[in-house]
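Notes follow once the structure below has been shown.
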Amino acid sequence: MAQKHGATIVGTTPYPLGNAEFSAHLPKIQAAKPEAIYSVTPGADNIAFLKQYASFGMKKTPVVQPLHWLPQLKEGGPDIYDGIYGGTNFYWELADTIPQAKRYNDAHQKRFGMPAGDYGAYAYSGVMEVARGIELTKSTEPKVVADALRASREYDHYKGKQWWRACDGKSFQDMWIVKGRQPGKTRGDWGIVEVVARIPANEELDRTCAEKGLA
Numbered sequence: 004m005a006q007k008h009g010a011t012i013v014g015t016t017p018y019p020l021g022n023a024e025f026s027a028h029l030p031k032i033q034a035a036k037p038e039a040i041y042s043v044t045p046g047a048d049n050i051a052f053l054k055q056y057a058s059f060g061m062k063k064t065p066v067v068q069p070l071h072w073l074p075q076l077k078e079g080g081p082d083i084y085d086g087i088y089g090g091t092n093f094y095w096e097l098a099d100t101i102p103q104a105k106r107y108n109d110a111h112q113k114r115f116g117m118p119a120g121d122y123g124a125y126a127y128s129g130v131m132e133v134a135r136g137i138e139l140t141k142s143t144e145p146k147v148v149a150d151a152l153r154a155s156r157e158y159d160h161y162k163g164k165q166w167w168r169a170c171d172g173k174s175f176q177d178m179w180i181v182k183g184r185q186p187g188k189t190r191g192d193w194g195i196v197e198v199v200a201r202i203p204a205n206e207e208l209d210r211t212c213a214e215k216g217l218a
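Structure (structure tokens):
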């Protein structure tokens, strides 16, 4: 997939999930002299990795991460995430430009006193989609509901159109690239990153069902 999109992987260094010590890995990364670091270090591991990455004097090498989680960004703050790139399925500032996102985020803010996050948005959309299937069929039988959703594959619950791929039931949806704001330039307590690009939903960005052995 990396080569397909013009990238070359110059090295990898797997680590055990939940182990927040990266001193054995960072010298390997430095030795590989990458143009960018693709870091898959979720949750608390992510904050630990970025602190140690900075302490090794590596901040001139950009870091790209597949997913940013809102609570993780809040905990780490701008000192940790300044200049760090990440991906997200939802960010509350989308409410500025997407009416569906505003409706969802306003309701979340009113109910919980904080902006909506990415994984909460997944859960909300999932529940709403099951409810849509029940409404379509007037049934709660799982197979009946699932078949109805396969037959009516487009939906829009919180950020714009999404759809199910028929062969494997995978949801295709827009994603966004975000970049950490500098200290002093955040948007309140929760606006640690800014949206810099939208990646429209596109099945060509994923492996085909034939490549997955599902065709």
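For what it's worth, the working numbering labels the leading residue of the sequence shown as 4, then goes sequentially. Glycine included, every Cβ here is placed at the ideal spot set by N, Cα and C.
By DSSP, does residue i sit in helix, in strand, or in coil?
i       : result
Phe-175 : strand
Pro-130 : With the sequence shown as reference, residue 130 is identified as Val, and Pro is not the correct amino acid for it. Looking at Val-130 - three-state DSSP - the assignment turns out to be helix.
Tyr-158 : strand
Arg-230 : The first residue shown for the chain is 4 and the last is 218, placing residue 230 beyond what the model contains.
Trp-166 : strand
Arg-190 : strand
Lys-77  : helix
Asp-209 : coil
Pro-145 : helix
Gly-21  : coil
Ala-27  : coil
Buried or exposed: where does residue i fall if 16 or more other Cβ atoms within 10 Å of its Cβ makes it buried?
i       : result
Asn-22  : exposed
Gly-216 : exposed
Glu-206 : exposed
Quickly, what does DSSP pair residue i with across the bridge? List them, please.
i       : result
Val-181 : Gly-89, Val-198
Gln-68  : Gly-89
Tyr-56  : Bridge partners of Tyr-56: none, in fact.
Ile-40  : Val-66
In whole angstroms, give me the CA-to-CA distance for residue i and residue j.
i       : j       : result
Arg-210 : Lys-63  : 32 Å
Glu-132 : Thr-143 : 13 Å
Gly-116 : Ile-195 : 17 Å
Gln-33  : Pro-65  : 12 Å
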